[in-house]
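Student: Quick note on numbering: the sequence shown equals residues -30 to -1, 1 to 694 in mature numbering (1 follows the signal peptide of the UniProt record, and there is no 0).
C-beta: ideal position from N, C-alpha, C; glycine also.
Right, I'll just put the structure down here and ask away after.
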Amino acid sequence: MTSRMHSFSFKLIWAHLLLLYLLIISPSFSFSAPLYPANIVTLFGDASFENNSIRLTQNHPCTTSSSLSPSSQSDTSTSLSGIGRAFYVYPIRFLDSSSRATASFSCSFSFTITPTLSCPSGDGLAFLITSNMNSLSICNGCMGLPEDVVSDNQDSFTAVEFDTSFNPFYDDVNGNHVGVDVKKIKSLASVDVVSRGIDLKAGKEMTTWIEYRNSEKMIRIWVGYSQVRPLNPILVAQVDFSEVFKEFMYVGFSASNGGGSAIHSIYNWRFKTFWFRSSTMSMDAVEEGDCLMCFPGDFSPDFDHPRRRKSRRILVLGGSVAIMIILVAVFMICMCLMRRRRRSKSKRRGSEDHHIGRFQGSKVPKYLSLTEIKEATNGFNKDRIIGEGASAVVYEGSIPSCGSVAVKRFNQGKRIGISNDSLEIAARIFDTEFATTMGCLRHKNLVQLKGWCCEKNEMVLVYEYMHNGSLDKILHGQTSIKKFLTWERRLNIMLGVASALVYMHEECINQIIHRDVKTCNIMLDAEFTAKLGDFGLAEVYEHSSPRTRAATIPAGTMGYLAPEYVFSGVPTAKTDIYSFGVVVLEVVSGRRPVDEKRTLITDWVWELWEKGKIIQAADPRMKGCFNRRIMERMLMVGLHCAHPDHEKRPTMREAARMLQGEAPLPPLPPMRPILRIQSVLPEGCEEIMNFGEEIMNFGEEIMNFGEKTDGTPWSTPRTEFSRN
């Protein structure tokens, strides 16, 4: 039975490696997930998701009314039937309000307009940029666009229309044209596309490219039946969007059928904004900016220039050779591990090796022998210790194949002895961290795993060495002026941590909840780039899993724990976001989450906010050397993330955008909210939630549940750190 299990594990590993090889050498790869998930696109009216597309309108019974002007709209449709709209859910920054400079942008998408047989075609569709996605006109021929702007105080919009309805009231050239609308439905410039060999109403899939360069104040539009952009644009218009754009605008599409009937569908939408562009630089050659709607598998030849195709061929060739080398190396590792399993008589060791085998389908860090580890750390010399925690000790080391490394040795921490129970606890933490790190964590703001060792009673993970150590030591320790954290460094550190958490929460194959986001788990390299580490408490879940998450004993560090997590024991992405908010306040202020007087940093900053003195939370060591507006924004982001009510916290992506100034800040309440939480604390919590010398017992001394006045199982949480 054991041999069959080993054989099965080996075959499973080999199958995963072959699959990885095929994925790398294949010219293209796409996911089967919907192209436009509902959490990033908002639909209005008749719009719906269908077959990896956005269907803006549906087939409708034909009407006999002719095209109508706005003045006659009251005599016709009085509902939104026949109108469909779709918008990217977040507002996008298009205008620098201080300099009045606007962003350049690039957009491409494919679309079809399929008229209903025996019915006139619908009005058409439009790519729309608007300051208010709820503003629209319901008149025939308007395509659901906003009403004309007559005052600078009104909402504003611009659109590129693909008009399939002739309406003389709007000076249409015909019923088959492309136009640019600026603040008005009547086009600023338009072109008859039939004369260019294009029929918008043919029901064929077409692709359009829209490009605006702020340096030239010029918008260009291309349309074609293939996915290769034509050499010459079909329409060029001079327009200055600094008088059109508000600071934040929404991007999306609008379509309507009016008196006709047609299906308007959108595919493969890509959109980017760019700032401070040279007029001679190719739009497609620039990689900076916000790629808001770029999806795996959504690559057209137009976005695959010859330089990129050449680079891809080199990458494929090099990747193929590298994968073959990895296949051979992992094969040898697997053989060695299987021999070790057969010789091992320890049940714990057998369990560990099985766990390791599950994750060798990913890019595998180097296996290191215990001899190599001891040589790297000088026999685990105490002088090499650079960190010590509850479950592990970290040593500085040097390995010829890896350079300088941090060697994390489990089961030797100051609270872990050598009993079987202690070994099992350490093994469980080792397994969790190893599995999580090996599973999918490949990001510039995550500490990278270089190697591992599991031999005899030793369990070791080898990470890249962080020359500036942990954030908490620099933030709170006695550091030299050279290592003082300037305002710019503090902001960049938090942007890096935010990027890592966005990746873990939304971009990994599975959602990863860290559960222990704090400054001592944020490492800084030689350039002060932040890297999040220590995944020993992490939980892994499937995205959008319908399965209810089981309650666990809350784990983490007091001061960083979200209140609902303490009560329910159920970790979610919002528990990490709360911890992130506390870290933001800690980095900005230079104070610990819980000070010597047992005051929570969140309570302290809320108190300053209530007094209108939030700027006083800035670390006095910076001596005022910071941007006041950005400082206030960062503190407000920290309060939003650490909001007592988890439903009021932003997502990690929203928090990152707010930190960067790319999204507006929601208003904060004038006073700190008081939250009532249902008390569902798991059994035995008081025994586990004892954080020892560093904080204090998290049992009856801290939690005061108050009296129930209505007989319901609800209570207002209180800690002895709070002001109440």
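Pick out whichever of S469, F132, D142, E534 has its Cα sitting closest to the Cα of D615.
Tutor: E534
Student: For I463, does the three-state DSSP call read helix, strand or coil?
Tutor: helix
Student: State the start and end residues of the unbroken beta strand (DSSP E) segment that holds A376.
Tutor: Run containing A376: 373 to 380, per the beta strand (DSSP E) assignment.
Student: DSSP on E403, reduced to helix/strand/coil?
Tutor: DSSP places E403 within a helical segment (H, G or I) once states are collapsed to three.
Student: Count the other CB atoms, across all protein chains shown, that sit within 10 Å of the CB of T542; report buried if there are 16 or more and exposed otherwise.
Tutor: Residue environment: T542 is assigned as buried (16 or more neighbouring CB atoms within 10 Å of its CB, all protein chains considered).
Student: Could you check the C-alpha separation between Q418 and I155 for me, to the nearest Å?
Tutor: 53 Å
Student: Please state if the CB of T100 and the CB of Y220 are separated by a distance shorter than 8 Å.
Tutor: Cβ distance < 8 Å, so Y220 and T100 count as in contact.
Student: Tell me the DSSP bridge mates of R623?
Tutor: Answer is none; R623 lacks a bridge partner.
Student: Verify whether the separation of the beta carbon atoms of V214 and I204 is less than 8 Å.
Tutor: no
Student: Measure the C-alpha to C-alpha separation of A71 and G631 and round it to an integer number of angstroms.
Tutor: 15 Å
Student: Relative to the C-alpha of M429, which residue among F350, H446, M474 is closest?
Tutor: The shortest C-alpha separation from M429 is found at F350.
Student: Could you check if P634 is buried or exposed, using at least 16 other CB atoms within 10 Å of its CB as the buried criterion?
Tutor: exposed
Student: Give me, in chain order, the residues of the same chain whose beta-carbon lies closer than 6 Å to that of G529; leave out the 5 immediate sequence neighbours on both sides.
Tutor: P563, V564
Student: Tell me which residues share the same chain as M622 and place their Cβ nearer than 8 Å to its Cβ, disregarding the 5 neighbours each side in the sequence.
Tutor: A468, L471, V472, H475, E476, A543, D546, I547, F550
Student: Excluding the 5 residues flanking residue 704 on each side, which residues of the same chain have their C-beta closer than 6 Å to its C-beta?
Tutor: Residue numbering for the chain in the displayed model covers -30 to 694; residue 704 lies beyond these limits and cannot be assessed.
Student: Specify the secondary structure class of N238 as computed by DSSP and reduced to three states.
Tutor: strand
Student: I need the DSSP call for K216, collapsed to helix, strand or coil.
Tutor: coil
Student: Would you be able to state if there are at least three C-beta pairs under 8 Å between the stretch 87 to 101 and the stretch 119 to 131?
Tutor: yes
Student: Kindly indicate the opening and closing residues of the beta strand (DSSP E) around L502.
Tutor: 500 to 502
Student: Would N9 be called buried (16 or more neighbouring beta carbons within 10 Å of its own) or exposed?
Tutor: exposed
Student: Within the stretch 156 to 198, note down every full beta strand (DSSP E) run reaching 3 residues or more, in order along the chain.
Tutor: 159 to 162, 176 to 183, 188 to 194
Student: Just grab the DSSP bridge partners of V364 for me.
Tutor: As DSSP reads the structure, V364 sits in a beta bridge with G357, K378.
Student: For the stretch 181 to 190 against the stretch 162 to 169, do three or more pairs of beta-carbon atoms, one drawn from each stretch, fall closer than 8 Å, so that the two count as touching?
Tutor: no
Student: Select from E497, L494, H484 the residue whose C-alpha is nearest the C-alpha of D504.
Tutor: Here the closest residue by C-alpha is H484.
Student: Find out if the Cβ-Cβ distance for the pair residue 746, R199 is shorter than 8 Å.
Tutor: Residue 746 is absent from the structure shown; the chain starts at -30 and stops at 694.
Student: Look up L609 in the DSSP assignment and say whether it is helix, strand or coil.
Tutor: helix
Student: Our contact map puts D93 next to G228 with C-beta atoms below 8 Å; I'd like the distance itself, whole angstroms only.
Tutor: 4 Å
Student: Measuring straight from C-alpha to C-alpha, what distance separates S361 and D66?
Tutor: 49 Å
Student: Does Q28 pass the burial test, meaning 16 or more other C-beta atoms within 10 Å, or should it be called exposed?
Tutor: buried
Student: Anyone know if the C-beta pair for residue 721 and T177 falls short of 8 Å?
Tutor: The question about residue 721 has no answer here: the residues shown for the chain are numbered -30 through 694.
Student: Can you give me the start and stop residues for the beta strand (DSSP E) that F79 sits inside?
Tutor: 74 to 85
Student: Per DSSP, G15 forms a beta bridge with which residues?
Tutor: Answer is G54.
Student: Which same chain residues end up closer than 7 Å to T347 when comparing Cβ atoms and leaving out the 5 residues on each side of it in sequence?
Tutor: R354, Y365, G367, V377
Student: Helix, strand or coil for N694, going by three-state DSSP, please let me know.
Tutor: Any reading at N694 must be qualified, since the residue scores a pLDDT of 33, below 50, and its modelled position is unreliable; no value is offered.
Student: Which residue marks the beginning of the alpha helix (DSSP H) containing F537, and which one marks its end?
Tutor: 533 to 538
Student: Apart from the five residues just before and just after M606, which ones in its own chain have a Cβ nearer than 7 Å to its Cβ?
Tutor: Same-chain partners within the cutoff: L635, L638.
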